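Each remark here refers to the structure printed beneath this line.
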Amino acid sequence: MPHYRVVGEVPRKRHVQFRRPDGGLYAEELMGEEGFSSDSSLLYHRHLPTAIVKSEAVEDTSAGRLAPNLPLSPRHFRTQDLPTGGDLVTGRQLLAGNGDVRMSYAAADAPNELYRNSMGDEVVYVQSGSARFESTYGAMDVGAGDYVVIPTGTIHRFVPIEGPVKALVIEASGHVRPPKRYLSKHGQFLEHAPYSERDLRAPSEPHLVEDGETPVLVRTRGGLTRLTYAHHPFDVVGWDGFLYPYAFNINDFEPIVKRTHAPPPVHQTFEGPNFVICSFCPRPLDFDAEAIPIPYNHHNVDSDELMFYVGGDYSARKGSGIDVGSISLHPAGFTHGPQPGAVEAVIEAVKQGHDRTTEMAVMVDTFRPLDLGPAALRTEDPDYAWTWAR
Numbered sequence: 001m002p003h004y005r006v007v008g009e010v011p012r013k014r015h016v017q018f019r020r021p022d023g024g025l026y027a028e029e030l031m032g033e034e035g036f037s038s039d040s041s042l043l044y045h046r047h048l049p050t051a052i053v054k055s056e057a058v059e060d061t062s063a064g065r066l067a068p069n070l071p072l073s074p075r076h077f078r079t080q081d082l083p084t085g086g087d088l089v090t091g092r093q094l095l096a097g098n099g100d101v102r103m104s105y106a107a108a109d110a111p112n113e114l115y116r117n118s119m120g121d122e123v124v125y126v127q128s129g130s131a132r133f134e135s136t137y138g139a140m141d142v143g144a145g146d147y148v149v150i151p152t153g154t155i156h157r158f159v160p161i162e163g164p165v166k167a168l169v170i171e172a173s174g175h176v177r178p179p180k181r182y183l184s185k186h187g188q189f190l191e192h193a194p195y196s197e198r199d200l201r202a203p204s205e206p207h208l209v210e211d212g213e214t215p216v217l218v219r220t221r222g223g224l225t226r227l228t229y230a231h232h233p234f235d236v237v238g239w240d241g242f243l244y245p246y247a248f249n250i251n252d253f254e255p256i257v258k259r260t261h262a263p264p265p266v267h268q269t270f271e272g273p274n275f276v277i278c279s280f281c282p283r284p285l286d287f288d289a290e291a292i293p294i295p296y297n298h299h300n301v302d303s304d305e306l307m308f309y310v311g312g313d314y315s316a317r318k319g320s321g322i323d324v325g326s327i328s329l330h331p332a333g334f335t336h337g338p339q340p341g342a343v344e345a346v347i348e349a350v351k352q353g354h355d356r357t358t359e360m361a362v363m364v365d366t367f368r369p370l371d372l373g374p375a376a377l378r379t380e381d382p383d384y385a386w387t388w389a390r
């Protein structure tokens with residue numbers, strides 16, 4: 001995280017005695033990245049965070065098998081056709097992935113059990129619905145348009161408030177951060193960044209739970225394990241540091257506008273290991289008198305492009321079948337762009353005074369090919385690849 005926070009009670013100095021009202025010591029837990037060489041936070045527990053009483057292997061029914069994108073083809077998947085039910089962990093329906101990142105869709109109507117992903121950070125984009133996000137760092141309410149960034153190893157759960165909670169879940173193999181070009185060498189957001197520290201929400205007070213033995217589902221590279229802790233892990237009275245879960249709402253992203261059409265990197269929101277996440281938000285159309293205010297045909301030779309359409313009107317895709325809830329996949333090896341007739345239609349619309357976009361979308365660009373998951377293959381529009389030839 002780019003800035004320091006302190007929540008709850010902490011002692012005057014790190015790694016000194018910090019005692020409970022009964023005279024016993026609070027137990028420290030350092031949550032840190034890259035072997036003590038990167039961001040960290042120090043949490044203070046009422047009980048030992050190391051005390052487990054049981055460990056059980058768990059069958060991973062949500063993993064699903066990935067299949068290569070063969071024959072090579074642009075794809076259109078309809079998340080609207082996926083079933084509702086389950087929670088935001090075990091109810092994930094696998095769409096696509098590779099060794100760097102996996103994308104799943106969930107339409108959760110139940111809270112998940114406490115969960116810790118020890119393989120990498122997660123980003124949960126909430127398309128609709130609302131939930132209470134509870135964690136060892138505290139709790140916060142999240143809703144439509146929120147990216148919820150969850151650091152590796154964070155014990156947490158989502159409790160639906162108004163649902164179902166429909167979400168795109170992005171599971172990284174490492175850490176997800178704001179792009180380096182948005183930050184100073186000390187980690188502050190720079191003036192040219194499309195969002196700032198004021199736009200980020202994080203837990204502001206401890207979420208204390210006093211309870212006995214509590215199970216936690218833990219994901220590692222070896223699979224799933226259910227660890228039973230002697231005490232509930234939400235017994236943290238305070239913490240400080242730079243590493244914690246936070247939420248950023250897509251409506252707080254400030255679009256970067258040019259006289260002629262700007263490429264997708266201007267929409268970048270986060271970066272992960274061998275992938276980026278971009279936010280396409282309503283904005284003024286390109287305003288040069290001779291501008292073509294719509295994406296040009298492009299062939300990203302190093303990237304697969306997965307686009308989740310979350311709101312608005314997609315004039316550039318008219319006639320393709322794309323709608324809210326659709327996901328398109330345009331792989332490396334395929335040139336893609338507006339649908340036939342879209343360019344002239346948008347130029348004419350601008351002449352009539354329609355000079356703004358309304359579309360909203362979340363894009364994940366990967367730098368290794370994406371394989372296809374069972375949820376994508378079940379909901380594919382078989383006619384999509386041929387819509388440019390009509």
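Each step along the sequence shown adds one to the number in the UniProt record's numbering, with nothing skipped, and position 117 is 117. The beta carbon of each residue, even a glycine, is placed where N, CA and C say it ideally should be. Values in this document were obtained by computation on a predicted structure and should not be read as measured data.
Determine the DSSP secondary structure at residue i, reduced to helix, strand or coil.
i, result
"K351", "helix"
"N251", "helix"
"T379", "coil"
"D141", "strand"
"T357", "coil"
"E213", "coil"
"T387", "helix"
"Q80", "helix"
"A316", "helix"
"A345", "helix"
"P265", "helix"
"K54", "strand"
"R198", "helix"
"F234", "coil"
"D240", "strand"
"A291", "coil"
"E191", "coil"
Are residue i and residue j close, meaning C-beta to C-beta below 7 Å?
i, j, result
"P374", "G64", "yes"
"F280", "H298", "no"
"E122", "E171", "yes"
"E305", "D365", "yes"
"R14", "L48", "no"
"I155", "R116", "yes"
"N69", "L285", "no"
"G145", "D109", "no"
"D288", "T260", "yes"
"residue 391", "V301", "What is shown of the chain runs 1 to 390, which leaves residue 391 out entirely."
"P369", "G337", "no"
"Y182", "F253", "no"
"K166", "S128", "yes"
"A342", "A361", "no"
"L243", "S37", "no"
"E380", "Y314", "no"
"M119", "R201", "no"
"V218", "T225", "yes"
"R221", "P255", "no"
"G112", "V89", "For the record, residue 112 in the displayed sequence is Asn; it is not Gly. Result yes, Cβ atoms of N112 and V89 sit closer than 7 Å."
Residue i: buried (16+ other C-beta within 10 angstroms of its C-beta) or exposed?
i, result
"V16", "exposed"
"G99", "exposed"
"Q352", "exposed"
"D87", "buried"
"E344", "exposed"
"G23", "exposed"
"Y309", "buried"
"D53", "Looking at the sequence itself, residue 53 is Val, so the reference to Asp does not match. The residue in question, V53, is exposed, as its Cβ has fewer than 16 Cβ neighbours within 10 Å."
"W239", "buried"
"Y257", "The identity of residue 257 in the sequence shown is Val, whereas the question assumes Tyr. Under this definition V257 is an exposed residue."
"A83", "The amino acid occupying residue 83 in the given sequence is Pro; Ala does not appear at that position. Exposed, because fewer than 16 other Cβ atoms sit within 10 Å of the Cβ of P83."
"Q93", "buried"
"S328", "buried"
What residues are listed by DSSP as bridge partners for residue i?
i, result
"A107", "K166"
"H305", "With the sequence shown as reference, residue 305 is identified as Glu, and His is not the correct amino acid for it. Answer is H330 and D365, bridged to E305."
"N117", "R219"
"Y147", "Y125 and F248"
"S130", "G143 and E162"
"R14", "R14 is not bridged to any residue."
"C281", "Per DSSP, none; premise fails for C281."
"R181", "Beta-bridge pairing links R181 to no other residue."
"D371", "G97"
"T225", "A57 and V218"
"S173", "The partner list for S173 (beta bridge, DSSP) is empty, contrary to what the question assumes."
"F275", "G272 and T366"
Tell me whether residue i, by its Cβ, gets closer than 6 Å to a heavy atom of the ligand COA.
i, result
"W386", "Here there are no bound small molecules, and the ligand COA is not part of this structure."
Looking at chain C, is there any beta carbon in it that lies within less than 7 Å of the beta carbon of residue i?
i, result
"V101", "The structure shown contains no chain C; it is built from a single protein chain."
Are there three or more Cβ pairs, one per stretch, closer than 8 Å when the segment 312-326 is compared with the segment 56-76? Output reads yes: the segment 56-76 touches the segment 312-326.
Do three or more CB pairs link the segment 226-242 to the segment 271-286 at distances below 8 Å? With a cut-off of 8 Å, the segment 271-286 and the segment 226-242 do not count as touching, because too few Cβ pairs lie within range.
Can you find at least 3 beta carbon pairs, one from the segment 182-197 and one from the segment 130-149, that sit closer than 8 Å? The segment 182-197, when compared against the segment 130-149, does not touch it at the 8 Å Cβ threshold.
Sufficient close CB pairs (3 or more, under 8 Å) joining the segment 198-210 to the segment 159-167: In this structure the segment 198-210 does not lie against the segment 159-167, because fewer than three pairs of beta carbons, one per stretch, are closer than 8 Å.
Flag this pair as touching only if the segment 103-113 and the segment 166-182 have three or more C-beta atom pairs under 8 Å; answer yes or no. Contact between the segment 103-113 and the segment 166-182 is present, with at least three C-beta pairs closer than 8 Å.
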